[in-house]
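A.B. asks: Each residue of the sequence shown is one higher than the one before, starting from 18 at the first, in my numbering.
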Amino acid sequence: MKQWKDLQREASKRIMHYHDANYLNLSLAEQGVLLDHLFTYPQYGPQSLVYIPNNKSADVRLAHLWFAMGNIAAAQNVAFNSLFALNGYNPTMLQMLVRIELMRGNYLVALKYITLLEKTVHYAGWATAQRRFLFDDEAVEQDPSLGTGRASFPLDDSFVLLASPMDDLYKIVAVNPANSNAMQYALAYLLLAKDFNHVQSFVDTYYGTPALQYLAEPVQEALLFFSDYYHTLEEDYALRHGISNEQLSAYQQVDWEYCKAHGVESSTLDRFVQFKKGYEQVRQGAPRSLLDGFKHTFWYYLLFAEIG
C-alpha cells in the first residue's frame with residue numbers, strides 16, 4: 018500500500034499530462050479510493066484515466082493500467098512488448114507476466130519468468146515467494162489478487178482491446194462483478210465522460226453486488242443529477258432531442274425514493290439543493306466563485322470542466 022501512497026503523492030504534485038493523471042488515478046484505484054477522491058484532483062475527461070497513444074506496443078504505463086482494470090489480455094500483450102523496451106528486460110513487466118501466467122494456470126511459463134527474476138538483486142525474494150502458487154490452483158484462487166484476476170477472465174478471452182476501454186470494462190464487470198478495481202474504473206470512466214445516463218444504468222444493474230455495496234459521493238451526485246434533469250425536462254424539448262415520451266417516463270422513475278434505495282444519502286441531496294441554488298445565481302450573473310465549495314463534485318465537473 019505504501020508504494021501507491023508514494024505514487025499518489027508524487028503524481029499529484031504536478032499534473033502536466035494525461036500520463037500524470039493516469040498514474041495518479043491508478044494509485045487511487047489500487048488504494049480502493051478512486052471514486053471517493055476522483056474530483057479531489059483535476060480531471061480532463063476519460064483520458065485522465067487511461068490515455069492510449071497511437072503506438073501502445075511498449076508502454077509500461079499502459080500495461081499497469083490494463084492490469085489494474087482487469088483487462089489481463091491487453092496487459093499481457095503490452096507487458097510482453099515492454100520487456101525489452103528499456104535496453105534490457107524490464108523487471109516490473111516480468112513481475113506482471115509472472116502474475117498473469119499464474120492467473121492463467123500456465124505454471125511452466127510462470128516458472129520460467131520466476132527463474133529469471135530470481136537472478137536479479139532486487140526482485141529475487143519476490144520471485145521465490147511466487148513459487149508457492151506453482152501448480153496449485155487452490156492457492157491461486159484463494160489469493161486476493163490472483164484469484165480476482167483468474168475470475169475476471171472473460172468467457173471469450175480472445176480480445177485484447179475493443180473499441181474503447183469502457184467496452185472492455187463492461188465485459189470484465191459482467192464476468193466478475195466482484196472485481197472492485199474494474200468496478201471503480203468503469204464508474205470513473207462514465208463520470209469523467211459526463212455520461213450520467215450510463216452511470217444510472219450501471220448502478221441499476223450492479224448496485225448491491227460484491228464490488229458495489231455502497232455509492233461513492235460522485236456516483237451519488239450523478240444519480241441525483243440524472244433524476245433532477247429528467248424530472249425537469251420538458252416533453253417538447255425531449256422529443257426534439259430524440260427522447261420519446263415513453264423513454265422520458267422511464268427515466269422519471271428514478272425519483273428520490275429510487276435514489277435512496279440505490280445508495281444516495283440525504284446529506285448528498287441537501288448539498289445538491291444548495292448547489293442548484295448557487296448555480297442559478299451564477300447563471301444570473303453572480304461570480305462562479307460562489308460555487309467554490311462544490312469544486313470537488315461531479316456537478317461542478319459536469320457543468321464547468323472542459324474535457325478532451
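Ideal Cβ placement from N, Cα and C applies to all residues, glycine included.
First and last residue of the alpha helix (DSSP H) that includes residue 200?
C.D. replies: Looking at the DSSP string, the run of the alpha helix (DSSP H) that includes residue 200 is 197-209.
A.B. asks: Determine the direct distance from the alpha carbon of residue 193 to that of residue 223, and round the result to whole angstroms.
C.D. replies: Looking at the two C-alpha atoms, the distance is approximately 11 Å.
A.B. asks: Which residue's Cα is closest to the Cα of residue 111: 47, 86, 228 and 139?
C.D. replies: Out of 47, 86, 228 and 139, 139 has the C-alpha closest to the C-alpha of residue 111.
A.B. asks: Return the CA-CA distance between residue 389 and residue 47, expressed in angstroms with no decimal places.
C.D. replies: In the structure as shown, the chain begins at 18 and stops at 325. Residue 389 is therefore absent and cannot be evaluated.
A.B. asks: Distance check for residue 41 and residue 24, CA to CA, integer angstroms please.
C.D. replies: So the alpha carbons of these two residues sit roughly 7 Å apart.
A.B. asks: Helix, strand or coil for residue 250, going by three-state DSSP, please let me know.
C.D. replies: Note: residue 250 maps to coil in three-state DSSP.
A.B. asks: My output table needs one value for residue 31: the three-state DSSP class, helix, strand or coil.
C.D. replies: Residue state, collapsed to three classes: coil.
A.B. asks: For residue 120 versus residue 199, is the C-beta spacing smaller than 7 Å?
C.D. replies: Not a contact, by the Cβ cut-off of 7 Å.
A.B. asks: Start and end of the alpha helix (DSSP H) containing residue 137?
C.D. replies: Where residue 137 is concerned, there is no enclosing alpha helix (DSSP H), given that its DSSP letter is neither H nor E.
A.B. asks: Whose C-beta lies closer than 8 Å to the C-beta of residue 164 among residues of the same chain, with five residues either side of it excluded?
C.D. replies: For residue 164, where only same-chain residues beyond five positions count, the Cβ hits under 8 Å are 157 and 158.
A.B. asks: Could you check the C-alpha separation between residue 31 and residue 263 for me, to the nearest Å?
C.D. replies: For residue 31 and residue 263, the distance between alpha carbons rounds to 47 Å.
A.B. asks: Taking Cβ to Cβ, would you say residue 89 is nearer than 7 Å to residue 117?
C.D. replies: Their beta carbons are under 7 Å apart, which means residue 89 touches residue 117 by this criterion.
A.B. asks: Following the continuous alpha helix (DSSP H) through residue 170, name the residue where it begins and the one where it ends.
C.D. replies: Residue 170 -> no alpha helix (DSSP H), and no H or E assigned at all.
A.B. asks: For residue 206 versus residue 63, is the C-beta distance shorter than 7 Å?
C.D. replies: Result yes, Cβ atoms of residue 206 and residue 63 sit closer than 7 Å.
A.B. asks: How would you call residue 191, buried or exposed, if buried means at least 16 neighbouring beta carbons within 10 angstroms?
C.D. replies: Per the 10 Å Cβ criterion, exposed.
A.B. asks: According to DSSP, simplified to helix, strand and coil, what is residue 221?
C.D. replies: Three-state result, residue 221: helix.
A.B. asks: Return the CA-CA distance between residue 258 and residue 324, expressed in angstroms with no decimal places.
C.D. replies: Those two C-alpha atoms are separated by around 22 Å.
A.B. asks: Does the beta-carbon distance from residue 114 to residue 106 come in below 7 Å?
C.D. replies: In this structure, residue 106 does not lie closer than 7 Å to residue 114 by Cβ.
A.B. asks: For the pair the segment 213-221 and the segment 240-260, tell me if three or more CB-CB distances fall below 8 Å.
C.D. replies: With the cut-off at 8 Å, the segment 213-221 and the segment 240-260 touch.
A.B. asks: Are the beta-carbon atoms of residue 289 and residue 311 separated by less than 7 Å?
C.D. replies: Cβ atoms of residue 289 and residue 311: not closer than 7 Å.
A.B. asks: Do you know how far the Cα of residue 155 is from the Cα of residue 314?
C.D. replies: In a straight line, the C-alpha of residue 314 is about 43 Å away from that of residue 155.
A.B. asks: Quick check on residue 44: buried or exposed, where buried means 16 or more other Cβ atoms within 10 Å of its Cβ?
C.D. replies: Classification for residue 44: buried.
A.B. asks: Using a Cβ-Cβ cutoff of less than 6 Å, which residues in the same chain neighbour residue 279 once the five nearest sequence positions on both sides are dropped?
C.D. replies: 220 and 224, listed in sequence order.
A.B. asks: Let me know the alpha helix (DSSP H) ranges lying completely inside the segment 31-94, each 4 residues or longer, listed in chain order.
C.D. replies: List check, alpha helix (DSSP H) in window: 35-47 and 77-86.
A.B. asks: Does any CB atom of chain C fall closer than 7 Å to the CB of residue 100?
C.D. replies: The structure shown contains no chain C, having only a single protein chain.
A.B. asks: Leaving out the 5 sequence neighbours to the left and right, which residues in its chain are closer than 8 Å to residue 166 when beta-carbon positions are compared?
C.D. replies: Closer than 8 Å at Cβ, skipping near neighbours: 87, 89, 116, 117 and 120.
A.B. asks: What are the start and end residues of the alpha helix (DSSP H) that includes residue 295?
C.D. replies: 283-300 is the extent of the alpha helix (DSSP H) around residue 295.
A.B. asks: Quick check: what's the CA-CA separation for residue 151 versus residue 127?
C.D. replies: Approximately 8 Å, taken between the alpha carbons.
A.B. asks: Terminal residues of the continuous alpha helix (DSSP H) containing residue 182?
C.D. replies: Residues 182-192.
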